[in-house]
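**Student:**
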Amino acid sequence: MKKCYLGIDIGSISTKGVIIDYNNNILAKDYLETNGEPIQAVKKLIKSLKEQLPDDYVLKGIGTTGSARKLIGLMVDASIVKNEITAHAIGTLAIHPDVKTILEIGGQDSKIIILRNGIIVDYSMNTLCAAGTGAFLSSQAKRLSIPIEEFGNMALKSKTPVKIAARCTVFAESDLIHKAGLGYSKEDIIAGLCKSIVLNYLNNLGKGKKIEGPIVFQGGVSKNKGVVKYFKEVLKMPIIVDPNGHLMGAMGMAILAKQKETDKVYNLNFHDISFVTKGEECNRCSNHCEILRIYKDDELVDAWGSKCHRV
Amino acid sequence: MNKIIAFPQVGDYAYPITYLLKHIVRAETLYIPHISSETIELGSRYSPDFVCTPFKYTLGTFIECLELGANVLIQLGGGCRYGYYHELQKEILKNLNYHFTYINLVTEGKTDIKKIIKQFKKIDPKFSILKGLYYLFITKNMVKYMDEIDEYIRYNIGFEQEKNSFLNLKKEMLNSFSKTKGYFSLKRKYRYYKNKFKNIKLKNEPRFQVGIIGELYTVMEPSANYELELELASHGIAIKRYTNATYLLFEKKKKVKKYLKKAKDYIKYKMGADAADNIGRCIELCEEKFDGVIHIKSSFCTPEIGASLIIKKICQKYDMPLLEFSFDTNTSKVGMKTRCEAFVDMIEMRKENEKVLFRN
Amino acid sequence: MKIGIPRSLYFYYYGDLWLRFFDNLNIETKVTPPTNQEILDLGNKLAQDEMCLSMKIYLGHIAYLKDCDYILIPRIDNFGSNNQTCTNFLSTYDIASNIFPNKILNYNIDLEKKQSEYKGFLKLKKDLNKSKKEIKKAYLKAKEQVAITKKQKIKENIKKLNKDGLKILLVSHPYNSYDEMIGKPIIESLEKLNVQVIYSDLFDEEKARIESKKLSKELYFKYNKENIGSIMLSLKKIDGVIFLSSFPCGPDSLVNELVIRKLNLPTLNLIVDDLSSDSGIQTRIESFVDILEAKNE
Numbered sequence: 001m002k003k004c005y006l007g008i009d010i011g012s013i014s015t016k017g018v019i020i021d022y023n024n025n026i027l028a029k030d031y032l033e034t035n036g037e038p039i040q041a042v043k044k045l046i047k048s049l050k051e052q053l054p055d056d057y058v059l060k061g062i063g064t065t066g067s068a069r070k071l072i073g074l075m076v077d078a079s080i081v082k083n084e085i086t087a088h089a090i091g092t093l094a095i096h097p098d099v100k101t102i103l104e105i106g107g108q109d110s111k112i113i114i115l116r117n118g119i120i121v122d123y124s125m126n127t128l129c130a131a132g133t134g135a136f137l138s139s140q141a142k143r144l145s146i147p148i149e150e151f152g153n154m155a156l157k158s159k160t161p162v163k164i165a166a167r168c169t170v171f172a173e174s175d176l177i178h179k180a181g182l183g184y185s186k187e188d189i190i191a192g193l194c195k196s197i198v199l200n201y202l203n204n205l206g207k208g209k210k211i212e213g214p215i216v217f218q219g220g221v222s223k224n225k226g227v228v229k230y231f232k233e234v235l236k237m238p239i240i241v242d243p244n245g246h247l248m249g250a251m252g253m254a255i256l257a258k259q260k261e262t263d264k265v266y267n268l269n270f271h272d273i274s275f276v277t278k279g280e281e282c283n284r285c286s287n288h289c290e291i292l293r294i295y296k297d298d299e300l301v302d303a304w305g306s307k308c309h310r311v
Numbered sequence: 312m313n314k315i316i317a318f319p320q321v322g323d324y325a326y327p328i329t330y331l332l333k334h335i336v337r338a339e340t341l342y343i344p345h346i347s348s349e350t351i352e353l354g355s356r357y358s359p360d361f362v363c364t365p366f367k368y369t370l371g372t373f374i375e376c377l378e379l380g381a382n383v384l385i386q387l388g389g390g391c392r393y394g395y396y397h398e399l400q401k402e403i404l405k406n407l408n409y410h411f412t413y414i415n416l417v418t419e420g421k422t423d424i425k426k427i428i429k430q431f432k433k434i435d436p437k438f439s440i441l442k443g444l445y446y447l448f449i450t451k452n453m454v455k456y457m458d459e460i461d462e463y464i465r466y467n468i469g470f471e472q473e474k475n476s477f478l479n480l481k482k483e484m485l486n487s488f489s490k491t492k493g494y495f496s497l498k499r500k501y502r503y504y505k506n507k508f509k510n511i512k513l514k515n516e517p518r519f520q521v522g523i524i525g526e527l528y529t530v531m532e533p534s535a536n537y538e539l540e541l542e543l544a545s546h547g548i549a550i551k552r553y554t555n556a557t558y559l560l561f562e563k564k565k566k567v568k569k570y571l572k573k574a575k576d577y578i579k580y581k582m583g584a585d586a587a588d589n590i591g592r593c594i595e596l597c598e599e600k601f602d603g604v605i606h607i608k609s610s611f612c613t614p615e616i617g618a619s620l621i622i623k624k625i626c627q628k629y630d631m632p633l634l635e636f637s638f639d640t641n642t643s644k645v646g647m648k649t650r651c652e653a654f655v656d657m658i659e660m661r662k663e664n665e666k667v668l669f670r671n
Numbered sequence: 672m673k674i675g676i677p678r679s680l681y682f683y684y685y686g687d688l689w690l691r692f693f694d695n696l697n698i699e700t701k702v703t704p705p706t707n708q709e710i711l712d713l714g715n716k717l718a719q720d721e722m723c724l725s726m727k728i729y730l731g732h733i734a735y736l737k738d739c740d741y742i743l744i745p746r747i748d749n750f751g752s753n754n755q756t757c758t759n760f761l762s763t764y765d766i767a768s769n770i771f772p773n774k775i776l777n778y779n780i781d782l783e784k785k786q787s788e789y790k791g792f793l794k795l796k797k798d799l800n801k802s803k804k805e806i807k808k809a810y811l812k813a814k815e816q817v818a819i820t821k822k823q824k825i826k827e828n829i830k831k832l833n834k835d836g837l838k839i840l841l842v843s844h845p846y847n848s849y850d851e852m853i854g855k856p857i858i859e860s861l862e863k864l865n866v867q868v869i870y871s872d873l874f875d876e877e878k879a880r881i882e883s884k885k886l887s888k889e890l891y892f893k894y895n896k897e898n899i900g901s902i903m904l905s906l907k908k909i910d911g912v913i914f915l916s917s918f919p920c921g922p923d924s925l926v927n928e929l930v931i932r933k934l935n936l937p938t939l940n941l942i943v944d945d946l947s948s949d950s951g952i953q954t955r956i957e958s959f960v961d962i963l964e965a966k967n968e
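Chains as they are written, first to last, in my numbering: chain A, 1 to 311; chain B, 312 to 671; chain C, 672 to 968.
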């Protein structure tokens, strides 16, 4: 039997998974929407990965990352749980060993990671709010009644992007309505939005960071050709967008799981286990902590959220 | 009408403040509720949008206290616009139909003692200055002892063998301090607890040491930094923190000169509030070869925004890992944790790399 | 020697004084053009994301002066206790000296520590290579000239209070009111609507500070005191007040909110953030003027 490793990246918008062999070749991969139900999403994801995986492999490690990493880590009994910054860096390095800058714009987070000689030397994540992230773009697309998939192509058609104030979602929305009301074309408005996301990202996250090539751009928004175009234009450097870019977090986790390998053998039978969470407000003191209890097959496996460490 | 006093929640200082008030004025001191998500929600609802975060937190606490029956509010104030919170907070609370007396202690970084005594006399006509001075002396020492012991806790809490031994003992100590009769009884208690803390069994050495610098309220009030210190400790990190009440009340004047000197390659003037202090501290942390610097502030804190630019430059020069937080009322704790984890990974990777380079 | 002067922030308090002073000493100066997109972009690139718009613009102006031997950046701590300035006025010198390679011509005003403007100017003699006597003469002459123009401007401003038609007091810091991209478009559109615009910075400073006590007893920001004092001085003659501040101005965030709560006058609170677009500010101005007109009829 040959060895393989599973990495799962559970984000707020989408859930991604890959299985790799010992030489980091992808054996199975999938991507689906989280829809606010990470447990169901992961169950579905693993079912799909299982179907793709050839029979002669044995699973030797599982790693989880993303906003639900801890929860899903418990569910699948992961060998390693890591934050998405490290996971993305490790995953990207496996495919682009000489990468120096990773730009990432996801559903609700955006980040920049600076690497030198394969080591993270600096990073930063968005501070203010969701402005400029995938969720923001989707809501603006809806407002303009344009399918998000066509957003990028429409932006490319514009020659004179409109200026949009996109530092804050509230300002941006009112500005967008205002510009639409003035009669600007949709193409120019969308292009303006894409450009403002780039400028905003660089002003917020890129400040004081030494952005050098090779630059890899990832995350859901990297599929938007308009945003890619303006990154190229503003940074005056080539931008690499990997077709598997959205899988880099999962990829990184699979690699980290490989490094953590023990004698333990994992299986992929999660479809039938019962895994539930129960939230409640603790009223034992004025903190009113929101406690989340987690039950696996009716057994309490963990509880989170207590500030006073009672539970 | 009975006077019931309330003040904002900052760290554990409610203990010494309550102690002091109990002994110097004949008035009840409210048990101040902890800052909860409801406090923050209340505070944000009635605050102007772009005011800095401590305004929202302290306003929230005041509303909760007024609801619990408080009718005398004491605001701490400070050297930046914190010193001017009181006038607007008074107006907002009046518009919400509360009745109260409002006392502000520090304006423009200075305290007008005469005015404060006058205000206390209004609350309690028999207020005695002599008695006030005696208990002020005890309270000053209580704060000093607390801060000193806190420093030890902060550095070691990540390595306790038995979970919660530090926090439980701290609670016991604070309760015991509150029952202090006089200066000598306080000193005895301090020695007793200091010894007890030193005897708490630790399991291993720290992985790294990091220093926390930044805006005073966000540094001192755990709910304002989403319990950053405990999060870092859980990763096996020893923490050094500079700002506490002892520093602000008794040491700042002298030490800021030292920091300005240390930072003379970067700055010429005090840049407002604690900006120069933090720049000096950052250089100190770099020189003392700490593993990382964490600079925290509340959103839109003007002095620290300026400082941040220079702190970044210093950390780049010394090749020092830097993590910055700008906390707001709607910062997500999950996001804070993710950034901390990544910070720890980054420091670890850098260290591994150094070892490899060294071997080659 | 060429001295670069950024047309931003301090310029709107001291520009006149500086230009006359250097002129009296026969020293060449270069003033940046009114804020434009290029300056704004330069500023955005250099500034911290959370800095206020006015600071971003200021840094953009400094960047524009690359070719000057010196750039003039004062530091203003206070005009005595109870007359403090915004934190940015305390830190711009140090912030700029960490960003820009240029030499900086700097003087410090800190009246609490007895550092007056006059003393500050005298200290410039070394950098300017002039004698104490020359500096003193140039400074005093410039001061005299400035006082005359300032008086004239105040007179004209106050004259507007007695004119017919709608009168609106624009309460803002002069570096916002007179900035080409922040205040100017607002003033132009008000004037197009035949509104008399009265400026909050063109009143007798001392009178204004005394009057400000009626709204706020414990305010210690000098410029905000003068701003709200101007409201009290013109209260009976104006139809409404427009507050204009740059996002996220620290002192304004507290003081303007307090005044709006206490004031029994129609007010419009404009907070400008990103200048790449006017975000419907024009619409808000027009509707404010409409409301005031309807009230008058």
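We put the CB at the ideal spot given by N, CA and C, even for glycine.
Predicted model only: the values in this text are computed from it and were never measured.
1) Leaving out the 5 sequence neighbours to the left and right, which residues in its chain are closer than 7 angstroms to A/Val311 when beta-carbon positions are compared?
2) Compare the Cα-Cα distances from B/Glu542 to each of B/Cys651, B/Leu387, B/Arg592 and B/Ala556 and report the closest residue.
3) Quick one: grab the DSSP three-state call for C/Thr820.
4) Does any C-beta atom of chain C lie closer than 8 angstroms to the C-beta of A/Ser110?
5) For B/Gly583, which residues in the same chain have their Cβ closer than 6 angstroms to its Cβ, ignoring the five residues on either side in sequence?
6) Quick one: what does DSSP say A/His88 is sitting in, helix, strand or coil?
7) Any beta carbon of chain B sitting closer than 8 angstroms to that of C/Glu721?
8) Anything in the region 566–583 of chain B with a Cβ closer than 8 angstroms to a Cβ of chain C? List those residues in chain order, please.
9) Could you give the DSSP three-state label for A/Tyr123: helix, strand or coil?
10) Within 10 angstroms of its Cβ, does C/Met672 collect 16 or more other Cβ (buried), or is it exposed?
11) Let me know the secondary structure DSSP gives B/Ser609 once reduced to three states.
12) Using only alpha-carbon positions, find the residue among B/Tyr456, B/Met484, B/Gly547 and B/Ser545 that is nearest to B/Tyr558.
13) Give the DSSP bridge partners of C/Leu690, in chain order.
14) Three-state secondary structure (DSSP) at B/Tyr553?
15) Which same chain residues end up closer than 8 angstroms to B/Ile440 when comparing Cβ atoms and leaving out the 5 residues on each side of it in sequence?
16) Straight-line CA distance for B/Ile335 to B/Met484?
17) Round the Cβ separation of C/Leu776 and C/Asp798 to the nearest angstrom and send it over; I've been treating them as touching at under 8 angstroms.
18) Rounded to whole angstroms, what is the Cα-Cα separation between C/Tyr685 and B/Arg392?
19) Could you give the DSSP three-state label for B/Asn415: helix, strand or coil?
20) Say whether chain B places a C-beta atom closer than 8 angstroms to the C-beta of C/Glu889.
21) Could you round the C-beta distance between A/Ser145 and A/Asn126 to whole angstroms and report it? I think they count as a contact, below 8 angstroms.
22) In its own chain, which residues sit with a C-beta less than 8 angstroms from the C-beta of B/Gly394, not counting the 5 before and 5 after it?
23) Is the shortest distance between the beta-carbon of A/Leu83 and the beta-carbons of chain B less than 8 angstroms?
24) With a threshold of 8 angstroms between beta-carbons, can B/Tyr409 be considered close to chain C, or not?
25) Which chain A residues sit within Cβ distance under 9 angstroms of C/Asn715?
26) For C/Pro677, count neighbouring Cβ atoms within 10 angstroms of its own Cβ and tell me buried if that reaches 16, exposed if not.
27) DSSP state of A/Val311, grouped into three classes?
28) Under the DSSP definition of a beta bridge, which residues are partnered with A/Asp242?
29) Give the single residue among C/Lys716, C/Gln823 and C/Leu837 whose Cα lies nearest to the Cα of C/Glu957.
30) Where are the beta strand (DSSP E) runs, 3 residues long or more, that stay fully inside the region 192–219 of chain A, in chain order?
31) In this structure, does DSSP put B/Thr491 in helix, strand or coil?
32) Could you say which of C/Ile942, C/Phe693, C/Tyr778 and C/Ser905 lies nearest to C/Ala813 if we only look at CA atoms?
33) What are the residues that DSSP puts in a beta bridge with A/Ile10?
34) According to DSSP, simplified to helix, strand and coil, what is C/Phe771?
**Tutor:** In brief:
1) Caution applies to A/Val311, whose pLDDT of 43 falls short of 50 and renders its modelled position unreliable; the value that the coordinates give is listed next. Excluding residues within five positions, the ones whose Cβ falls inside 7 angstroms are Ile291 and Ala303.
2) Comparing Cα positions, the closest option is B/Cys651.
3) For C/Thr820, the three-state secondary structure derived from DSSP is helix.
4) So no, A/Ser110 is outside the interface.
5) A distance below 6 angstroms between beta-carbons, with the five flanking residues on each side excluded, links B/Gly583 to the following residues of its chain, in chain order: Pro614.
6) Three-state result, A/His88: helix.
7) Interface residue, yes.
8) Per Cβ criterion, the list reads Tyr577, Ile578, Lys579, Tyr580, Lys581, Met582 and Gly583.
9) DSSP places A/Tyr123 in strand when its eight states are reduced to three.
10) C/Met672 is exposed by the Cβ-count criterion.
11) Looking at B/Ser609 - three-state DSSP - the assignment turns out to be strand.
12) Closest option to B/Tyr558, Cα to Cα, is B/Tyr456.
13) C/Leu690 is not bridged to any residue.
14) In the structure shown, the three-state DSSP call for B/Tyr553 is coil.
15) So the qualifying residues of the chain are Ile428.
16) One Cα belongs to B/Ile335, the other to B/Met484, and the distance between them is close to 22 angstroms.
17) Yes, they are in contact, since the Cβ atoms of C/Leu776 and C/Asp798 sit about 6 angstroms apart, within 8 angstroms.
18) Between C/Tyr685 and B/Arg392, the C-alpha separation is close to 25 angstroms.
19) Strand.
20) At least one CB of chain B lies nearer than 8 angstroms to the CB of C/Glu889.
21) A Cβ-Cβ distance of about 27 angstroms is found for the pair A/Ser145 and A/Asn126, leaving them out of contact under the 8 angstroms criterion.
22) Excluding sequence neighbours, B/Gly394 sits near Gly388, Asn415, Val417, Thr418, Glu419 and Gly420.
23) A small correction: the amino acid at residue 83 of chain A is Asn; Leu does not occupy that position in the sequence shown. Chain B, which has a Cβ nearer than 8 angstroms to the Cβ of A/Asn83, makes this yes.
24) Against chain C, the CB of B/Tyr409 has no partner CB under 8 angstroms away; the residue lies outside that interface.
25) In chain order: Leu199 and Asn203.
26) Buried, since its Cβ has 16 or more Cβ neighbours within 10 Å.
27) Here A/Val311 scores only 43 on pLDDT, less than 50, and its place in the model should not be relied on; the value that follows carries that caveat. Annotated three-state conformation of A/Val311 is coil, per DSSP.
28) Residue pairing for A/Asp242: DSSP places it in no beta bridge.
29) When only C-alpha atoms are compared, the closest one is C/Leu837.
30) Fully enclosed beta strand (DSSP E) runs of 3 or longer: 215–218.
31) Coil.
32) Per the Cα distances, C/Phe693.
33) Among the bridge pairs identified by DSSP, A/Ile10 is matched with A/Thr15.
34) Coil at C/Phe771, not helix or strand.
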